[in-house]
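Numbering (full-length UniProt numbering), first residue to last: 1 to 421. All residues carry an ideal CB built from backbone N, CA and C; glycine is no exception. These numbers come from a predicted model, not from an experiment. Notes follow the structure.
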C-alpha cells in the first residue's frame, strides 16, 4: 500500500484539459452504436475528425491571418490548448467565442477572443511527425517547380508546434519546448513539464501531444509495415486485445493539459477533488528492429516501475491501466506480458480508447491520459462491441490509473494519474 511518509512535498495538478479527436471535442462518445471510423480516399479505415470538430478547426484557421498557413497538426494543438486554458481559468477566451461547445456542437461563427494568460507559463508539446501535411505539400511543390517559399522551413520544424501554442496562449517569458519520440512523444512533453514544475523552473505549463497524420504518404508507410487493419470502417476496425489479425488504424487528434504545482500548504486549502499527475516514467530497450519490441516488453516494465516509484505507489495501488495496445498482436501481447511481470497474475482493469479514436501516434499518450481522467471523474467508460480483454465494469471505486505508451525505437513511457479529495 501507499506509504504516507513517501508522499511528495508538492504535487502536480491538472487544472484543465482539452482534446480533439474522432470523437470531436468530447472525451467519450454519447453512445457507441455507430463506428467512429470512416474510409479514407486511399481505401483504408481512419479515425478522422467529425464535422463538428472540422467546423472548429476551420473557424480557428480563419481567426488570425498567420493561422491560415499553419499545418493541421498545429491547429489541433491550438484547439486542445484553448480548451485546457479555459477550463483552468487562465484567461484565453471561451469555446463559445469561436464556434463550438464542449460537446462539439456548432454555436456561433464569431472569431476567437484572444486574451493573454493571467501570468507567465511554459509550453511543452509532443508530436511524432509534426507538420506532416504542410511538409508533404511543400515537397510536392518543390518536385513540380524546383523551389519552395521562404516560409517552408519555419512552418515544418517540430518547434513550430509548441511556439504557436505559446503564441496563441498569450505566453510572455516562458519556455516553448518540443518533443519527438514517436508514439510516446506526449509523455515526453508531460514528463518534462512535471520535472520543470517540481524544480521550480516554471509556475504553470501547457503540455500534451498532437498529430494530424492522415495523409496518403503516412498511411502508405503504416500499410508498408504490414500492421494495418483489414476490417471495414463501419465494423470497428481498431480492436485492442482482440488478437489476430492486426487491427492497427491511424487516427488524428490532440490533447493538452494545464498543469500547476501545489505545495503541501496550498494543497491543504484546495477544494477537492483534484486530478494529480503523480508520476511519469520512461523505459528503453536496445533492440535491432526499430519497429519491434521484446516479447516480454522490457521497455514497458521499466517505464511502469519508474512511474510507480515517482508516485510513491505499489502495483497493488493501481486500479486500472489505460493500455497502449494499438491492436497489433505482438505489441498487445508484449504489453500484457509486461503487466503480468509488474502486477502479477491478477491484473488491474484493462482499458483503452483506441478502439474509438484509432492510434494517433504522438498524440496517443495524451489522449489516453485524458481518457483516464474522464474515467476517474465519472467512474464510467464505453464498452467495446467486440470480443476483447478490455474491462466492461469496475467492482470498486477507481482512484488511480496507470497509462502506457510506446513507440518505434524501443522507447516506452508510463504515467500515473490519481483523483484526490
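Sixteen is the threshold: when 16 or more other Cβ atoms of the shown chains lie within 10 Å of the Cβ of residue 11, as they do, the residue is buried.
Under DSSP, the beta-bridge partners assigned to residue 39 are 45.
Beta-bridge pairing by DSSP links residue 142 to no other residue.
7 Å or more divides the Cβ of residue 248 from the Cβ of residue 173. Per DSSP, residue 380 lies in no beta strand (DSSP E) segment and is marked neither H nor E. One Cα belongs to residue 192, the other to residue 175, and the distance between them is close to 12 Å.
In the DSSP assignment, residue 356 falls within the alpha helix (DSSP H) that extends over 354-357. Annotated three-state conformation of residue 261 is strand, per DSSP.
At a cut-off of 4 residues, the continuous stretches assigned as alpha helix (DSSP H) that sit fully inside the stretch 213-278 are 216-225, 264-269. Taking a 10 Å sphere around the C-beta of residue 263, we find fewer than 16 other C-beta atoms and assign the residue as exposed. Taking 7 Å as the cut-off, the Cβ atoms of residue 214 and residue 48 count as close. In this structure the stretch 390-407 touches the stretch 352-365; the number of beta carbon pairs closer than 8 Å is three or more.
Between the stretch 193-204 and the stretch 252-261, the count of Cβ pairs shorter than 8 Å is three or higher; the stretches touch.
A distance below 8 Å between beta-carbons, with the five flanking residues on each side excluded, links residue 272 to the following residues of its chain, in chain order: 420, 421. Secondary structure at residue 12: strand, using DSSP grouped into helix, strand and coil. The residues 32, 236, in chain order, have a CB closer than 7 Å to that of residue 385 in the same chain once the five nearest residues on each side in sequence are set aside. Judged by beta-carbon spacing, residue 366 lies within the 7 Å limit of residue 255, meaning their Cβ atoms are closer than that value. Burial state of residue 356 is buried, judged by a 10 Å Cβ sphere holding 16 or more other Cβ atoms. In the assembly as shown, residue 168 is a buried residue. Its beta-carbon has 16 or more other beta-carbons within 10 Å.
Residue pairing by DSSP places residue 407 opposite 411 in a beta bridge. Here the alpha carbons of residue 343 and residue 295 stand approximately 17 Å from one another. Here residue 211 carries a strand assignment [DSSP, helix/strand/coil]. In this chain, the beta strand (DSSP E) harbouring residue 350 covers 349-351. Note on geometry: alpha-carbon atoms of residue 234 and residue 267 lie some 47 Å from one another. Just measuring C-alpha positions, the residue of 146, 217, 19, 72 sitting nearest residue 41 is 217. When 207, 322, 67, 403 are compared, the shortest CA-CA separation from residue 85 is found for 207. Residue pairing for residue 19: DSSP places it in a beta bridge opposite 255.
In the three-state scheme derived from DSSP, where H, G and I count as helix and E and B as strand, residue 131 is classed as coil. Per the C-alpha coordinates, the member of 371, 400, 379, 403 positioned closest to residue 20 is 371. For residue 225, the closest alpha carbon among the candidates 250, 159, 348 is that of 250. Taking C-alpha positions only, residue 148 is separated from residue 135 by approximately 11 Å.
Of the other Cβ atoms in all chains shown, fewer than 16 fall within 10 Å of the Cβ of residue 143; this residue is therefore exposed. When DSSP assignments are scanned along the stretch 144-213, the uninterrupted stretches of alpha helix (DSSP H) that are 4 or more residues long and fall wholly within it turn out to be 152-156, 159-168, 185-198.
Rounded to whole angstroms, the gap between the alpha carbons of residue 190 and residue 369 is 10 Å.
Nearest Cα to residue 129 within the set 178, 90, 89: 178. Pairing residue 81 with residue 28 gives a Cβ-Cβ distance that is not under 7 Å.
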